Amino acid sequence: MRKRTKITMDPKYILMTIAIVCVALIIISFRFQDKMTPIRAAVGSVVTPMQRGINKIGLVVADGMDYATTVKKLAKENDSLKQQVDELSAQNRLLQQDKYDLDNFRKLYDLDEKYSDYPKVAAHVISSDGNWFNSFVIDKGSNDGLKVNMNVLAGDGLVGIVTEVNKSYARVRSIIDDESSVTGSFLKTSDMCFVNGNLKLINKGMIDISGIPADAKIKDGYEVVTSPVSDKYLPGILIGYARDIKTDSSNITQSAHLTPAADFSGLDMVLVITEVKDSGDLEDILN
Amino acid sequence: MRRYIYLLLLNIICFVLQATVFRHLHLGGVAPNILIMVTAASGLMYGRTLGMFSGVVGGLLVDAMFNSVIGLTILIYAFIGYINGMLNKLYFKDKLYIPAITIVLSDLAYGLLYYVCRFMLRGRMDFLFYLLHVMIPEAIYTLIVGLLIYMVMRRIKEYFNPEERVSLEEHIEMDREKII
């Protein structure tokens, strides 16, 4: 038998100590968000390299499996795509004419196209959390020029916002997260609204829109984009398409559901816009 | 000391697996919660202190990587580790139904506490929906994956402590001899 030299303490007291420390931590992290960064950085530096490695293996395996199953699918897809090419090239010709007109009109209106081209950085999603919330970790960090509050896209749609940056990784809260809220506006009518994540609706591929003015003339399928009023999201990014519009019981606002433009089910690659919205003027006004 | 290092490594490995591999193995939008299972199992196998230790490590990993508030998950996990540690006497190497029950109850307790702290307080009152669509599916999935990991953990425990190989029947036998 080994000699027992260690001091034994009643587990009850250890549990009480842990409870007190945890409550203190909760309070501290509520009041001072940035005081917690050393803890996060320490944990992250241990865990992220491993996650990155496993993710690479996973991608290789998934690619191999995909290869076998997709050959048939591709043949079918090829046929339908050929048809689409024909249709689209016909449409394209028409559109090109329209574009020529549009360019002229733009010049007339002196509209600059500053919103169409934000600088972007591509990043891989390396891990995501459990069933209650929707945030994930990407493999780019402050070394790649990322900052807190940068917007994240996938395809053409808004995915979320960077909430925390470390050297080699960053955490993103997605717009379908239950605690997320984005100020949006309808592209066609410029009516303001709030896009809120909702865990209950995610399974159906939808989130909530609330606070649409009652007199807004909107229809199912209208695009919702980020509003210029939002203090964190850059204006003009597509969030998704509205549906199930109904008037609230108060008769002052309407609410609806929204199908996000980005596909959240198989999120692997995302684009981070390396431009933070400058809301300094806004803060000046508010102060 | 060896056990602390073992549980630390086990928790880190399980966390990495959960955040990467099981992200792709969703069933109906729900992933298993292996960390709560590891905490429950280490409490059951090694007692209150190590159960708590496992819970603190697992909770810290989850909080530091994914939550805006650090401490809540640690607290819940530590309590679950402690309570499972009180059931340490029920650990018999050949019975799987005891860990099965504790894993399911632990996961449900975690889901319930988490719902109350993070959802109900924000006015999401539809408890039944969350129970049926998140908590129960998660508990079932966790149970299936958890029992596999539990068997691996049991094998490791037997390897390091062969003298503790006691099954329920042997236990009853020993008790009987004592009485006689």
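For the protein sequence lines, the chains are A and B, in the order given.
Sequential numbering of the first sequence, starting at 138, is according to the working numbering.
Sequential numbering of the second sequence, starting at 373, is according to the working numbering.
Backbone N, C-alpha and C fix where the C-beta goes; we use that ideal spot for every residue, glycine too.
None of these values were measured; they are calculated from a predicted model.
Minimum Cβ-Cβ distance from residue i to chain B less than 8 angstroms
i: Asn192(A); result: yes
i: Phe169(A); result: no
i: Ala156(A); result: yes
i: Ser345(A); result: Looking at the sequence shown, residue 345(A) is not Ser but Asp. Chain B contact via Cβ: absent.
i: Ile166(A); result: Just to set this straight, residue 166(A) is Ser in the shown sequence, not Ile. It does; some Cβ of chain B falls within 8 angstroms.
i: Thr153(A); result: Checking the sequence shown, residue 153(A) turns out to be Met, not Thr. Not one chain B Cβ lies under 8 angstroms of Met153(A).
i: Pro148(A); result: yes
i: Leu162(A); result: yes
i: Val181(A); result: Per the sequence presented here, residue 181(A) reads as Gly, with Val not at that position. Gly181(A) counts as touching chain B.
i: Ile376(A); result: no
i: Lys337(A); result: yes
i: Val184(A); result: yes
i: Cys159(A); result: yes
i: Ile298(A); result: no
i: Arg177(A); result: yes
i: Met329(A); result: no
i: Gln228(A); result: no
i: Gln233(A); result: no
i: Gln220(A); result: no
CB contact below 8 angstroms: residue i versus chain A
i: Ile446(B); result: yes
i: Val441(B); result: yes
i: Phe352(B); result: Absent from the structure is residue 352(B), since the part of chain B shown begins at 373 and ends at 552.
i: Leu572(B); result: Any question about residue 572(B) goes unanswered here, given that chain B covers just 373 to 552.
i: Ile328(B); result: In the structure displayed, chain B extends from 373 to 552; residue 328(B) sits before or after that span and is not available.
i: Tyr378(B); result: no
i: Met437(B); result: yes
i: Leu381(B); result: no
i: Val517(B); result: no
i: Met525(B); result: no
i: Ile492(B); result: Note on identity: in this sequence residue 492(B) is Met, with Ile being the wrong assignment. Not one chain A Cβ lies under 8 angstroms of Met492(B).
i: Met497(B); result: no
i: Glu542(B); result: no
i: Met546(B); result: no
i: Tyr531(B); result: no
i: Glu510(B); result: yes
i: Val428(B); result: yes
i: Met488(B); result: Going by the sequence as given, residue 488(B) is Val instead of Met. With 8 angstroms as the cut-off, Val488(B) does not count as an interface residue toward chain A.
Nearest residue (CA-CA) to residue i, options the options
i: Glu510(B); options: Phe394(B), Phe491(B), Asp498(B), Leu380(B); result: Phe394(B)
i: Tyr370(A); options: Ser311(A), Ser305(A), Pro175(A); result: Ser311(A)
i: Lys284(A); options: Ser305(A), Gln188(A), Gly294(A), Asn271(A); result: Ser305(A)
i: Leu515(B); options: Gly415(B), His396(B), Tyr469(B); result: Tyr469(B)
i: Ile313(A); options: Asn271(A), Asp400(A), Ala353(A), Asn286(A); result: Asn271(A)
i: Ile355(A); options: Gly282(A), Asp328(A), Pro365(A); result: Asp328(A)
i: Ile339(A); options: Asp315(A), Arg168(A), Ile410(A); result: Asp315(A)
i: Arg438(B); options: Tyr204(A), Val184(A), Asp200(A), Lys210(A); result: One detail in the question is off: residue 438(B) reads as Phe in this sequence, not Arg. For the residues Tyr204(A), Val184(A), Asp200(A), Lys210(A), the minimum Cα distance to Phe438(B) belongs to Val184(A).
i: Ile151(A); options: Arg420(B), Ile442(B), Asp498(B); result: Arg420(B)
i: Asn460(B); options: Leu447(B), Tyr418(B), Val434(B); result: Tyr418(B)
i: Asp479(B); options: Met409(B), Ile377(B), Met373(B); result: Met409(B)
i: Lys172(A); options: Ile551(B), Ile442(B), Glu545(B), Leu520(B); result: Ile442(B)
i: Asp281(A); options: Thr411(A), Ala161(A), Ser402(A); result: Thr411(A)
i: Val296(A); options: Ile344(A), Ser279(A), Gly278(A), Thr326(A); result: Ile344(A)
i: Asn192(A); options: Glu542(B), Leu462(B), Ala391(B); result: Ala391(B)
i: Lys414(A); options: Leu395(A), Thr174(A), Asp368(A), Leu218(A); result: Asp368(A)
i: Asp405(A); options: Leu196(A), Val366(A), Leu232(A), Ser166(A); result: Leu196(A)
i: Val319(A); options: Ser364(A), Val302(A), Lys337(A), Ala351(A); result: Ser364(A)
Expected contact under 8 angstroms - CB spacing of residue i and residue j to nearest Å
i: Ala450(B); j: Ile298(A); result: Not a contact, Cβ separation roughly 31 angstroms.
i: Cys330(A); j: Leu447(B); result: Not confirmed; about 37 angstroms, so no contact.
i: Val429(B); j: Asn383(B); result: 4 angstroms
i: Gly294(A); j: Ala398(A); result: 3 angstroms
i: Gly321(A); j: Ile376(A); result: 5 angstroms
Beta-bridge partners of residue i, as assigned by DSSP
i: Cys489(B); result: DSSP lists no partner for Cys489(B).
i: Gln234(A); result: Paired residue(s): none; Gln234(A) is not in a bridge.
i: Lys383(A); result: Ser392(A)
Residue i: CB within 7 angstroms of a non-hydrogen atom of the ligand FMN
i: Thr326(A); result: With respect to small molecules bound, the structure shown includes none, and the ligand FMN cannot be examined in it.
* the region 387–421 of chain B: which residues have C-beta closer than 8 angstroms to a C-beta of chain A, in chain order? -> Phe387, Val388, Leu389, Gln390, Ala391, Thr392, Val393, Arg395, His396, Gly400, Gly401, Val402, Ala403, Asn405, Gly419, Arg420, Thr421
* For the region 385–408 of chain A, which residues have a CB atom closer than 7 angstroms to at least one CB atom of chain B, in sequence order? -> none
* At a Cβ cut of 9 angstroms, what residues of the region 263–290 of chain A count as close to chain B, listed as they run along the chain? -> Ile263, Ser264, Ser265, Asp266, Gly267, Asn268, Trp269, Phe270, Ser272, Phe273, Val274
* To do: Closer than 8 angstroms, Cβ to Cβ, to anything on chain A: give me those residues from the region 449–481 of chain B, in chain order.
  => Ala450, Phe451, Tyr454, Gly457
* **Interfacial residues, the region 312–325 of chain A to chain B, with Cβ spacing under 8 angstroms** => Asp315, Glu316
* To do: Select from the region 340–367 of chain A all residues with a C-beta closer than 9 angstroms to any C-beta belonging to chain B, and list them in chain order.
  => Asn340
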